[in-house]
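Numbering-wise (this note's numbering), the sequence shown opens with residue 46 and increments by one. We put the beta carbon where it would ideally sit given N, CA and C, even for glycine. Every value quoted in this text rests on a predicted model; they were computed, and no experiment measured them.
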Amino acid sequence: MERAEKAVREKSQEEKEQILQNFEEFKNYLGDKVEKGQKLGLSEEAIAKSAKKVADYLAKNEEPKNREEYLLQQLWKVGEEEDRQHLARMLVRLTNETN
46 MERAEKAVRE KSQEEKEQIL QNFEEFKNYL GDKVEKGQKL GLSEEAIAKS
96 AKKVADYLAK NEEPKNREEY LLQQLWKVGE EEDRQHLARM LVRLTNETN
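Below, the structure written as structure tokens:
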């Protein structure tokens, strides 16, 4: 799980900007990481936990770049731990639907 957060932290600001600038780009990036996790044999739950770590980092350290990210950030902030876990699972499923 820490590897997911570390990978996000280590991205250059330019790379983060490129990924976060457009919600479709963000979904594609997340979808690529989900697909890699699935190929490694990770369960949906393990992938969702990694997605939650990344979302925690983004909510605390990055400004939303579009309406969709702003909405996700606001939902993340008002949600409790269980809500955030559900939202992370839903994001993982969203990327599966679009890939």
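| Item | Value |
| --- | --- |
| Looking only at its own chain, which residues have a Cβ that is under 8 angstroms from the Cβ of Q147, when we skip the five neighbours before and after it? | Only positions 46 to 144 of the chain appear in this structure, which leaves residue 147 out of reach. |
| For E114 and F68, what's the separation of their Cα atoms in angstroms? | 7 angstroms |
| Which runs of the alpha helix (DSSP H) at least 4 residues long sit entirely within the region 63-126? Give them in chain order. | 68-84, 89-106 and 112-123 |
| If you count every other CB in all the chains shown that lies within 10 Å of the CB of V79, and 16 or more means buried, which is it? | buried |
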